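Numbering (this note's numbering), first residue to last: 5 to 341.
Beta carbons are placed, not taken as given, at the ideal position from N, Cα and C, and that holds for glycine.
Being a predicted model, the structure only gives us computed values, none of them experimental.
First the structure, in the form of structure tokens, and then the observations on it.
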Ligand SMILES: Cc1cc2nc3c(=O)[nH]c(=O)nc-3n(C[C@H](O)[C@H](O)[C@H](O)COP(=O)(O)O)c2cc1C
């Protein structure tokens, strides 16, 4: 996930459990267990339109902390699976819209097909737990990450969204949606050009979350229809502070954070697993029809906000650490002049 922090998610949806191995976390970061609990509770399904799979997520940290703080050594989080129904998947043909067939080809047939194995949304649980640690530290630097679902099935009002969700559920179909993600308190100067870009680091982290189909910053696609005079954010100096009067850039210019809020719009596709009949191919390569009986979210976009926040938190922490190295180096060079 960047230059400093590396995070490896491991496990399978219907295996023993899922986890995260994080390296590069600085020592002495407090690990707030209640914050991890809260973050996992937010990700957990529970509503009428969410999967009925009930996972209590009894997480534990296996390494990398001592007396409630990070040691700076690899930190491993483990979350056992408790509610698996593998028989739902025993003879399931490749699900359209999911990663079943691509994974089967990629692994030369060695893939675990139960609930998408390693490619399941279940893998977002350890990401959220890891994100809670990053986030706790960022909050101490006054960096805050929030998000909200602004659209489900093309509908913006809660009443229209509810109606669309109910209809999709009755029709054994699913819906996509849009999430607005905001990161405030980010100092000016994080990121850089090309591979060091804050925009590409955040995009990479967010696109790595399953079902994310577009990530846009600021005016996003709308910028293509604006004139330069409309899209540019004018600078103004007030009480010795230079800032902009608008934020079409979405908080990043030249790959570097501007000090304004980072505004990101994320488009999420409809849940691939649907009960409605679909044409597909079975594991023997024969044409067939599929009506999925397993437990799935009607609109996974409802569950994705804490996951996107966690991915963004890890990306921002990585950029922040890199910036501290630049500042420290500058101070050394400045002093020696
Ligand atoms: C929080 C979350 C929950 C998800 N729940 C489901 C689900 O219940 N059923 C399903 O088929 N896909 C679900 N997905 C989506 C799949 O994981 C994803 O579409 C799949 O891995 C294919 O990857 P891609 O859509 O990025 O190409 C979920 C994803 C996330 C992030």
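- Not one heavy atom of ligand 1 is found less than 6 Å from the C-beta of residue 229.
- By the CB criterion at 7 Å, residue 317 and residue 256 fall outside the cutoff.
- In this structure, ligand 1 has no non-hydrogen atom nearer than 6 Å to the beta-carbon of residue 218.
- Boundaries of the beta strand (DSSP E) harbouring residue 21: 21-27, taken from the DSSP string.
- In this structure the region 168-178 does not touch the region 114-129; the number of beta carbon pairs closer than 8 Å is below three.
- Inclusion of residue 275 in the 6 Å shell around ligand 1 follows from its C-beta lying nearer than that to a non-hydrogen atom of the ligand.
- Cβ contact annotation for residue 216 (same chain, cutoff 7 Å, sequence separation greater than five): 210, 270, 272, in chain order.
- Residue state for residue 275 is assigned as coil, using DSSP reduced to three classes.
- Non-local beta-carbon contacts of residue 20 in its own chain, meaning distances under 8 Å to residues more than five positions away in sequence, involve 84, 85 in chain order.
- The beta-bridge partner set that DSSP reports for residue 282 consists of 294.
- When distances are taken from the beta-carbon of residue 319 to the heavy atoms of ligand 1, even the shortest one reaches 6 Å or more.
- Proximity of the region 87-105 to the region 274-283 meets the contact definition, three or more beta-carbon pairs being nearer than 8 Å.
- Taking non-hydrogen atoms of ligand 1 into account, the C-beta of residue 214 is found less than 6 Å away from one of them.
- Annotation: the continuous beta strand (DSSP E) that includes residue 221 extends over 216-221.
- Nearest to residue 53 by C-alpha distance, out of 171, 322, 319, 107, is 171.
- For residue 33, the CB contacts under 8 Å within the same chain, skipping 5 residues up- and downstream, are 73, 74, 137, 140, 141 in chain order.
- Here DSSP, grouped into helix, strand and coil, assigns residue 53 to coil.
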